[in-house]
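Each protein sequence line maps, in turn, to chains A and B.
Using the working numbering, read the first sequence as starting at 1 and increasing by one per residue.
Using the working numbering, read the second sequence as starting at 232 and increasing by one per residue.
All residues carry an ideal CB built from backbone N, CA and C; glycine is no exception.
Since the structure comes first, as structure tokens, the remarks are kept for the end.
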Amino acid sequence: MIRLEKIHKSYVTGNNSLHALKGIDLNIEAGELVAIVGSSGSGKSTLLNVIGILDNYDKGNYYLDDKLVKGLSEKKAAWYRNRMIGFVFQSFNLISFKNAMENVALPLYYQGVNRKKRNLIAMEYLDEMGLVEWAEHLPSELSGGQKQRVAIARSLIANPKIILADEPTGALDSQTSFEVMEVFQKVNRKGITVIIVTHEKDISERTDRIIKLTDGMIEQEYKPLKQTHYA
Amino acid sequence: MNRNTNHLNKLIMLDLDQWQEILATIRKNKLRTFLTGFSVAWGIFMLVILLGSGNGLAKGVMYNFSDAKNSIWMGGGRTSMAHNGLNAGRNIEFTNEDLRILDNRYSSIENLSARQHVNSDAISYKNNYGVFNVVAVHPEHLVIENVKLMTGRLLNKLDIKEYRKVAIIGSAMKDQLFKEEDPVGKYVKLNGISFKVVGVFDDVHEGETKRMYIPISIAQKTFISKNRVGAITFTGGDASVEETNAMIEEIRTTLAKKHNFDPEDQRAMWSWNALEEYQQMNALFKGINLFVLIIGIFTIIAGIVGVSNIMLIVVKERTKEIGVRKALGARPGSIIWMIIQESILITSVAGYIGLALGVLLLEGITKAMPATQYFRNPGINFTVAILATLMIVLAGIIAGYIPARKAANIQPVVALHDE
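Here's what the structure looks like:
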């Protein structure tokens, strides 16, 4: 599903150049649940940006679903983000003046689905997250866990092949974090590839595979010690 | 298909979501939106007031040009140059003969007529007296003066031919001498001779309604030397200023030969071309209007810059949100349109308020202030209002464009940054 070949990425600010990714080779198969871990500055966010086509890379090749993603136009990139990838963010990034249902429906808006239809679909996804009665509420009226579940519903509504989550539990307490992780596991069991960037050990241990980044390179890849999947 | 209709909806601004979002951001920043809109409203308001006032000024002054706009006046003076052995200082007086020559020679001359002031004592009717202007004319001169008949009739050719002692009097003169009485058929006494009033006229120029017109023929017979016509007046049809000026010069040469004065002698004969003056005035007011327009447009530009500035701040504040939208699949075009629409909405609503207030104020001035010689019925016409409307929308697009470009260039990566 995702294939990275010798990906390099540098950030240039003035005369300084920060080599954030130093030749990443990575394969993620369809249906995997993967955690990317590493200390701050290890390049894990940069890697997520590249995979999510939020940022470009300098060298190497990135294949998404066997298609080379390189030097895309803004329009094409927007299409990929919309159809192939669902994003979940640490700070939820819900739009404050839209209610939960409208937030979930937003990706379909950019596909040109009409209002009635997309709101109907949004309600189905909210139902799956157990948030139907919160559909009309603004984000400010929701708890952190609820907000993140709305965000996950939003990331799923366009039927993406991949979910990219950037520290999805970073703003949540541990109990809620586990609940959110359960949602991700549930999503993953439907066959969607899920990639979670996290620095929390107990989160990464609930995935199938952990990729550890250090200083812009993959230091090691390993399976978590104990599988916390429940039956 | 779905996508196409959606595009169309966006284009005609029927997209409910877009409106909802714009209104939501506006509601979140009421004061800022108000201040932004105010600058545009103020610009349009000033433009309307300035244009309207310019119009009022033009209308007020142009209203005085009620007489035939293409009239030409000329008359004899006193020579200032010796000519053909004759001394300077001779009086030149035009006569019936001169009128005939002009009539025969220039087919483009219309309404050719004499105009001679008659010295008179107080004019009386019964026990009412008054001093009025008495002007002896051909009937055609009344076209040049553009008098409006109120009752009775104007002078006619028979009056001239038959040396009738008839007169038409101005409305003010009628009020003074006849009060409520109908003057038509009554006689007024002028220098001891009775003249029958055949009509009452009105004139835009108030001073000219204290006036009495009598036929030139009877005046020549009774009050002034025979043949004297005083001034010669006529209209030049559709001829341009250049053509009429050329005609005046030609006539000058002709009359100079006949009356034996040097054609270069400006004192020997005076002339006045109303068309030239009218067009100069027209040009002046066109100039004033242009000036006003330029000031107005610069005021609006200031407004546009204001809106643009605010929209830049809006875009900056919404950076993260726009980043999120892009991460969710928003195309650059939809982001640009979103910002421009907000800009158009603010400028349109504010601009309309400015336009409406400006028009209302002008209406109020028209109602409250009597028309004067220099100011009359200020207002802007429909075309200007439509143009202003288009300009407002255009202003919105221009004001929104730079901020919109900036918004479209926001990288979706910002969605990942923590606040």
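Which of helix, strand or coil does DSSP assign to residue i?
{"i": "B/Gly610", "result": "coil"}
{"i": "A/Lys6", "result": "strand"}
{"i": "B/Asp406", "result": "helix"}
{"i": "A/Ala231", "result": "With a pLDDT of only 41 at A/Ala231, under 50, the local geometry of the prediction cannot be trusted, and the value read off the model is given with reservation. Correct three-state label for A/Ala231: coil."}
{"i": "B/Leu385", "result": "coil"}
{"i": "B/Asn520", "result": "helix"}
{"i": "A/Pro160", "result": "coil"}
{"i": "A/Gly14", "result": "coil"}
{"i": "B/Met232", "result": "Note on B/Met232: pLDDT 44, under 50, position unreliable in the model; the coordinate value appears next. B/Met232 falls in the coil class under three-state DSSP."}
{"i": "B/Thr326", "result": "strand"}
{"i": "B/Ile340", "result": "coil"}
{"i": "A/Asn27", "result": "strand"}
{"i": "A/Gln111", "result": "coil"}
{"i": "B/Arg442", "result": "strand"}
{"i": "A/Ser45", "result": "helix"}
{"i": "B/Gly663", "result": "Nothing can be reported for residue 663 of chain B, as the shown portion of chain B is limited to 232 through 650."}
{"i": "B/Gln451", "result": "helix"}
{"i": "B/Val368", "result": "strand"}
{"i": "A/Arg189", "result": "helix"}
{"i": "A/Ser96", "result": "coil"}
{"i": "A/Asp202", "result": "helix"}
{"i": "B/Val546", "result": "helix"}
{"i": "B/Ile257", "result": "helix"}
{"i": "A/Ser155", "result": "helix"}
Applying a beta-carbon distance threshold of less than 7 Å, which residues of chain A neighbour residue i?
{"i": "B/Glu552", "result": "Ile95"}
{"i": "B/Val653", "result": "Since the displayed chain B opens at 232 and closes at 650, residue 653 of chain B lies outside it and no answer follows."}
{"i": "B/Ala255", "result": "Phe97"}
Note down, in chain order, every chain B residue with its Cβ under 9 Å from the Cβ of residue i.
{"i": "A/Tyr110", "result": "Arg556, Leu559, Gly560, Ala561, Arg562, Ser565"}
On a Cα-Cα basis, can you pick out the residue from the options that is closest to residue i?
{"i": "B/Phe516", "options": "B/Val271, B/Arg263, B/Ala289, B/Ile257", "result": "B/Ala289"}
{"i": "A/Ser177", "options": "A/Thr214, A/Tyr109, A/Ser143", "result": "A/Ser143"}
{"i": "A/Glu29", "options": "A/Ile195, A/Ala165, A/Gly216, A/Lys9", "result": "A/Ile195"}
{"i": "A/Gln90", "options": "A/Glu32, A/Glu74, A/Thr169", "result": "A/Thr169"}
{"i": "A/Asn82", "options": "B/His436, B/Ala561, B/Lys547, B/Val536", "result": "B/Ala561"}
{"i": "B/Glu507", "options": "B/Phe296, B/Ile323, B/Leu593, B/Ala487", "result": "B/Phe296"}
{"i": "A/Glu32", "options": "A/Arg209, A/Arg149, A/Leu156, A/Lys116", "result": "A/Arg209"}
{"i": "B/Ile629", "options": "B/Lys489, B/Tyr394, B/Gly308, B/Ser579", "result": "B/Ser579"}
{"i": "A/Gly43", "options": "A/His137, A/Ile53, A/Asn16, A/Ser10", "result": "A/Ser10"}
{"i": "B/Phe432", "options": "B/Met381, B/Gly534, B/Pro446, B/Ile332", "result": "B/Met381"}
{"i": "B/Glu324", "options": "B/Trp501, B/Val366, B/Leu618, B/Ile445", "result": "B/Trp501"}
{"i": "B/Val374", "options": "B/Arg346, B/Val362, B/Gly383", "result": "B/Arg346"}
{"i": "B/Asn458", "options": "B/Thr466, B/Ile449, B/Glu473", "result": "B/Ile449"}
{"i": "B/Phe492", "options": "B/Asn520, B/Leu317, B/Leu333", "result": "B/Leu317"}
{"i": "A/Lys190", "options": "A/Leu213, A/Lys161, A/His19", "result": "A/Lys161"}
{"i": "B/Ala422", "options": "B/Pro601, B/Thr440, B/Ile455", "result": "The amino acid occupying residue 422 of chain B in the given sequence is Asn; Ala does not appear at that position. Among B/Pro601, B/Thr440, B/Ile455, the Cα nearest to that of B/Asn422 is on B/Ile455."}
Could you check where the beta strand (DSSP E) with residue i kicks off and where it finishes?
{"i": "A/Asn61", "result": "59 to 64"}
{"i": "A/Met84", "result": "Looking at the DSSP string, A/Met84 is not in any beta strand (DSSP E), and its letter there is neither H nor E."}
{"i": "B/Phe465", "result": "462 to 466"}
{"i": "B/Trp503", "result": "500 to 504"}
{"i": "A/Met1", "result": "It is not in any beta strand (DSSP E) - A/Met1 carries neither H nor E in the DSSP assignment."}
{"i": "A/Ala35", "result": "33 to 38"}
{"i": "B/Lys420", "result": "418 to 421"}
Return the first residue and the last residue of the alpha helix (DSSP H) that residue i is part of.
{"i": "B/Leu591", "result": "563 to 599"}
{"i": "A/Gly170", "result": "Looking at the DSSP string, A/Gly170 is not in any alpha helix (DSSP H), and its letter there is neither H nor E."}
{"i": "B/Glu473", "result": "472 to 490"}
{"i": "B/Trp273", "result": "261 to 294"}
{"i": "A/Glu219", "result": "A/Glu219 -> not in any alpha helix (DSSP H); beta strand (DSSP E) instead, spanning 217 to 222."}
{"i": "B/Ala558", "result": "550 to 558"}
If the cut is a Cβ gap below 7 Å, which residues of chain B does residue i touch?
{"i": "A/Leu106", "result": "Leu559"}
{"i": "A/Asn15", "result": "Within 7 Å Cβ-Cβ: nothing; A/Asn15 doesn't reach chain B, min ~22 Å."}
Anything in chain A within Cβ reach of residue i, meaning under 8 Å, just list it in chain order.
{"i": "B/Lys259", "result": "Phe97"}
{"i": "B/Leu247", "result": "Arg115"}
Could you work out which residues of chain B lie near residue i, taking near to mean beta carbons separated by less than 8 Å?
{"i": "A/Asn61", "result": "Per Cβ cutoff of 8 Å: no residues; A/Asn61 is ~21 Å from chain B at best."}
Less than 8 Å between the CB of residue i and some heavy atom of the ligand NAP, yes or no?
{"i": "A/Met101", "result": "Within the structure as shown, the ligand NAP is missing, as the structure has no ligands at all."}
>> Output needed in chain order: residues of the segment 68 to 80 of chain A with a Cβ under 9 Å from some Cβ in chain B.
In response: Result list: Glu74, Lys75, Ala77, Ala78, Trp79, Tyr80.
>> If the cut-off is 9 Å on Cβ atoms, which residues from the segment 622 to 638 of chain B count as contacting chain A, listed in chain order?
In response: Going along the segment 622 to 638 of chain B in chain order, one finds no residue with a Cβ nearer than 9 Å to chain A.
> What are the residues of the segment 168 to 201 of chain A that lie near chain B, defined by any Cβ-Cβ distance shorter than 7 Å?
Replying inline: Cβ proximity to chain B below 7 Å picks out nothing from the segment 168 to 201 of chain A.
> Which residues, in chain order, does the segment 111 to 138 of chain A contribute to contact with chain B at a C-beta distance below 8 Å?
Replying inline: For the segment 111 to 138 of chain A, the beta-carbon criterion of a distance under 8 Å to any beta-carbon of chain B is satisfied by Gln111, Gly112, Val113, Asn114, Arg115.
> Got a sec: which bits of the segment 156 to 168 of chain A sit with their beta carbon under 8 Å from any beta carbon on chain B, in order along the chain?
Replying inline: Listed by position, the residues of the segment 156 to 168 of chain A near chain B (Cβ gap below 8 Å) are Ala158, Asp166.
>> At a CB distance below 8 Å, what residues from the segment 1 to 27 of chain A approach chain B? Give them in sequence order.
In response: Identification of residues in the segment 1 to 27 of chain A having a C-beta nearer than 8 Å to some C-beta of chain B yields an empty set.
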